[in-house]
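J.: Sharing a structure here in structure tokens format.
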Amino acid sequence: MSTATPSRRRPRSGHRLTLADILVTIVISVVFGLVYKVWGPMYDVLKPLGLHAEQLSYGMWFMAGTFAFLLIRKPGVAILAEVSAAAIEAFLGGSWGISTLWYGLFQGLGAELFFALFLYRKAGPIVAVLASIGAAVASIFIDRYYGYIDQLAFWNYALFVSMRLLGSIVIAGLFAWALARALERTGVTSLLRPASAKDYDALEG
Numbered sequence: 019m020s021t022a023t024p025s026r027r028r029p030r031s032g033h034r035l036t037l038a039d040i041l042v043t044i045v046i047s048v049v050f051g052l053v054y055k056v057w058g059p060m061y062d063v064l065k066p067l068g069l070h071a072e073q074l075s076y077g078m079w080f081m082a083g084t085f086a087f088l089l090i091r092k093p094g095v096a097i098l099a100e101v102s103a104a105a106i107e108a109f110l111g112g113s114w115g116i117s118t119l120w121y122g123l124f125q126g127l128g129a130e131l132f133f134a135l136f137l138y139r140k141a142g143p144i145v146a147v148l149a150s151i152g153a154a155v156a157s158i159f160i161d162r163y164y165g166y167i168d169q170l171a172f173w174n175y176a177l178f179v180s181m182r183l184l185g186s187i188v189i190a191g192l193f194a195w196a197l198a199r200a201l202e203r204t205g206v207t208s209l210l211r212p213a214s215a216k217d218y219d220a221l222e223g
């Protein structure tokens, strides 16, 4: 009698992270870690505009997870990318210090939740936007934990959340998807995985 594990209980090999996947994710994270550090002053540039305009800049800090997944499309990539990018940012002297790692972890989990919801088979704009929202919501919970927004009045809190969600949708959702789609069309991503009609379909829906 065969002792092989039934196929329905075995992880699909196509969904397992390979060493190459991990290395590519780390490279993406290093790039975004540098971007995060450079992007930091944008928060201060927008803040004088009032109405929590600085929250629009937050979408960039959620982009590593969504973008990395849209390229590699495997479980765990969003978390790995966000935590790694956060670690690079913290190492470079980011404004939020070691707490950056907690943000990275929970933002990655927030995005990963929606990629998992679609069984890691969809990589279109809707999924990217939902993942970006997941990352943004997770970051807001961390903000509350650290007491950054406890004293806001309801209308002020609603405006704060709305601006962060908007920035996340535009940057970590739509921009990340558009960039991944552009790379897919150039054939660059064939170095990561063979491109097929199914890959293009996933980006569309």
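Numbering (our numbering), first residue to last: 19 to 223. Don't be surprised by glycine CBs; every beta carbon is placed ideally from N, CA and C.
Output the distance between the C-alpha atoms of residue 98 and residue 116, rounded to the nearest integer angstrom.
T.: Whole-angstrom Cα-Cα distance: 17 Å.
J.: Using a 10 Å radius around the Cβ and a threshold of 16 neighbouring Cβ atoms, would you call residue 125 buried or exposed?
T.: With 16 or more other Cβ atoms within 10 Å, it is buried.
J.: Got a sec? Which residues, its chain only, sit under 6 Å from residue 52 by beta carbon, not counting five neighbours each side?
T.: Contacts found: none.
J.: Under DSSP, the alpha helix (DSSP H) around residue 136 begins and ends at which residues?
T.: Run containing residue 136: none; DSSP gives neither H nor E here.
J.: Could you work out which residue in 81, 34, 77, 68 is closest to residue 177 when comparing CA atoms only?
T.: The residue with the shortest Cα to Cα distance from residue 177 is 68.
J.: Count the other C-beta atoms from every protein chain shown that fall within 10 angstroms of the C-beta of residue 203, then say buried if there are 16 or more, exposed otherwise.
T.: Exposed, because fewer than 16 other Cβ atoms sit within 10 Å of the Cβ of residue 203.
J.: Compare the beta carbon distance of residue 128 and residue 156 with 8 Å and say whether it is the shorter of the two.
T.: Result yes, Cβ atoms of residue 128 and residue 156 sit closer than 8 Å.
J.: Examine chain B for any beta-carbon lying closer than 8 Å to the beta-carbon of residue 177, and answer yes or no.
T.: Going by chain labels, chain B is absent from the structure shown, which holds only one protein chain.
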